[in-house]
Amino acid sequence: MLLATTDISDRFGDEARILTPDLLDFGGGVRFQGSAVTIKCFEDNSRIKETLASPGHGKVLVVDGGASKRCALLGDMIARDAVANGWEGIIISGCVRDIAVLKTLNIAIKALGATPRRSTRRGEGIRDIPITIAGIPANAGDIVIGDEDGVVILSPAQGKELLAK
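Under our numbering, the letters of the sequence shown match residues 1 to 165, in that order.
Spelled out as structure tokens, the structure:
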């Protein structure tokens with residue numbers, strides 16, 4: 001059952017970490033929830049490609065891309081891998097490309113914008129560390145819920161509390 005971000009916000013108030021509304025929807029899906037897998041990178045999508053090529057059932061990729069708009073950290077080929085591997089959603093503090101294709105894929109993708117320029121692949125980036133996305137801290141294992149109204153991040157304890165109700 002997908003939970004509504006508005007209900008979660010009402011339930012947890014200021015304890016819910018709500019991302020600022022800077023992220024735009026690019027995927028064919030809008031609603032998602034799952035356990036956060038975090039990546040911190042800058043203009044290098046090596047870790048993103050590597051991560052989305054692995055099984056992602058019940059997981060949401062959350063990327064601190066330094067809010068760079070100079071290149072895209074995600075395009076159609078990597079996004080197709082995410083769909084094939086069962087990822088629930090992708091959130092990027094950075095850009096994406098191949099929008100015409102992304103809109104047809106059955107996955108929620110949120111990012112700051114789009115650009116035709118691809119990123120580099122130098123093998124840089126760190127996975128499963130504390131990051132900041134849209135002004136909000138996120139940790140690997142946090143519960144990430146997104147829909148038409150925005151994105152909320154909860155601690156694992158808050159997620160258990162919510163599901164127990």
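Backbone N, C-alpha and C fix where the C-beta goes; we use that ideal spot for every residue, glycine too.
**OP:** Quick one: residues in its chain with C-beta nearer than 8 Å to the C-beta of residue 69, no 5 flanking neighbours on either side, listed in chain order?
**Re:** Contacts found: 94, 95, 112, 113, 115.
Original post:
How about residue 103 and residue 28: are their beta carbons less than 8 Å apart?
Top reply: In this structure, residue 28 lies closer than 8 Å to residue 103 by Cβ.
Original post:
Do you know offhand how far residue 108's Cα is from residue 12's?
Top reply: Approximately 24 Å, taken between the alpha carbons.
**OP:** List the residues that DSSP assigns as beta-bridge partners of residue 132.
**Re:** Beta-bridge partners of residue 132 (DSSP): 137.
Original post:
Just curious, the beta strand (DSSP E) that residue 159 is in, first and last residue?
Top reply: The continuous stretches of beta strand (DSSP E) do not include residue 159, which lies in the alpha helix (DSSP H) extending over residues 156 to 164.
Original post:
If you draw a straight line from the alpha carbon of residue 86 to that of residue 20, how long is it in whole angstroms?
Top reply: So the alpha carbons of these two residues sit roughly 26 Å apart.
Original post:
If you run the structure through DSSP and keep just helix, strand and coil, what is residue 12?
Top reply: Under the three-state reduction of DSSP output, residue 12 falls in the helix class.
Original post:
According to the Cβ coordinates, are residue 64 and residue 131 closer than 8 Å?
Top reply: The Cβ-Cβ distance between residue 64 and residue 131 falls below 8 Å.
Original post:
The alpha helix (DSSP H) spanning residue 69 covers which residue range?
Top reply: It is not in any alpha helix (DSSP H) - residue 69 carries neither H nor E in the DSSP assignment.
Subject >> Rounded Cβ spacing between residue 49 and residue 78 (contact assumed at less than 8 Å) >> reply: Rounded, the Cβ-Cβ distance is 5 Å, consistent with contact.
Subject >> 7 Å Cβ shell around residue 81 - same chain, five flanking residues per side excluded >> reply: If the five residues before and after residue 81 are omitted, its C-beta is found closer than 7 Å to the C-beta atoms of 52, 53, all from its own chain and listed in chain order.
Subject >> Residue span of the beta strand (DSSP E) that contains residue 38, given as start and end >> reply: Where residue 38 is concerned, the enclosing beta strand (DSSP E) starts and stops at 32 to 40.
Original post:
What's the C-alpha gap between residue 124 and residue 35?
Top reply: Straight-line measurement puts the Cα of residue 35 at about 23 Å from the Cα of residue 124.
Original post:
In this structure, does DSSP put residue 51 in helix, strand or coil?
Top reply: Correct three-state label for residue 51: helix.
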